[in-house]
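*Asks:*
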Amino acid sequence: MATFPLLQTGAVAQYPLERRARTATQVVRFLDGSEQKYRGLAAPLHAWRVQLDLLDDVEKAELDAFFVTQQGAVQSFAFTDPWDGAVYPNCRLGADEVRSVELKEMQARVAVEILENHA
545 MATFPLLQTG AVAQYPLERR ARTATQVVRF LDGSEQKYRG LAAPLHAWRV QLDLLDDVEK
605 AELDAFFVTQ QGAVQSFAFT DPWDGAVYPN CRLGADEVRS VELKEMQARV AVEILENHA
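Set out below in structure tokens:
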């Protein structure tokens, strides 16, 4: 299985970094106005927004190749949570496109969203 590429420093991400947990609560509303709620997932799913600044050409090329290999959001890969080092083996990119900005020669900025998939 593929793994999200590391930077040349060995880090998986840079600051600022955003992490959140997603849940799926289903709500059934009845004619009398009452509600019944239940969980759609056994456990929360994690999501990360990773912004990588000042990437050199090698790091940018590795991320571009990873994106092509993953076919955007189609393929699953392993992602290491930068906060606690836990490896989430079933993740995907959050979009079929990646945002990339060339800051100057040999320096780029890339932003991606990574979503944990249902087991």
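According to this note's numbering, the stretch in the sequence shown is residues 545 to 663, in order. Note that CB positions come from ideal geometry on N, CA and C, so glycine has one too. These numbers were taken from a predicted model, which means no experiment stands behind them.
1) Per DSSP, what are the beta-bridge partners of GLN619 in this structure?
2) Within the stretch 549 to 612, note down every full beta strand (DSSP E) run reaching 3 residues or more, in order along the chain.
3) Please tell me whether ARG636 and LEU659 are closer than 8 Å, where the distance is taken between their beta carbons.
4) Closest to ALA652 by C-alpha separation, out of TRP627, LEU596 and TYR632, would be which residue?
5) Just to confirm, is the Cβ distance from ALA557 to VAL594 under 8 Å?
6) My assumption, with CB atoms under 8 Å, is that ALA617 sits in contact with ASP640. Please give the rounded CB distance.
7) With DSSP as the reference, identify every bridge partner of GLU657, one or two as the case may be.
8) Pull up the CB-CB distance for LEU589 and ARG563, whole angstroms please, since I reckon it's below 8 Å.
9) Once you ignore the five residues that flank VAL571 on each side, which residues in its own chain have a CB closer than 7 Å to its CB?
10) Buried or exposed, going by whether 16 or more other CB atoms sit within 10 Å of the CB of GLN495?
11) Taking the straight line between their C-alpha atoms, what separation do you get for PRO625 and VAL612?
*Replies:* Reading off the structure:
1) The beta-bridge partner set that DSSP reports for GLN619 is empty.
2) The qualifying runs are 561 to 566, 569 to 573, 579 to 583 and 589 to 599.
3) In terms of Cβ geometry, ARG636 and LEU659 form a close pair [threshold 8 Å].
4) Nearest option by C-alpha distance: LEU596.
5) One thing to note: ALA557 has its Cβ within 8 Å of the Cβ of VAL594.
6) Their Cβ separation, rounded to whole angstroms, is 5 Å, which keeps ALA617 and ASP640 in contact under 8 Å.
7) Under DSSP, GLU657 takes part in a beta bridge, and its partners are ARG593.
8) In fact, because the Cβ distance is near 12 Å, the residues do not count as touching under 8 Å.
9) Closer than 7 Å at Cβ, skipping near neighbours: GLU579 and LYS581.
10) Residue 495 lies beyond the residue range present for the chain, which begins at 545 and ends at 663; the question has no answer from this structure.
11) Pro is not the amino acid found at residue 625; the sequence shown has Asp there. Computed Cα separation, rounded: 22 Å.
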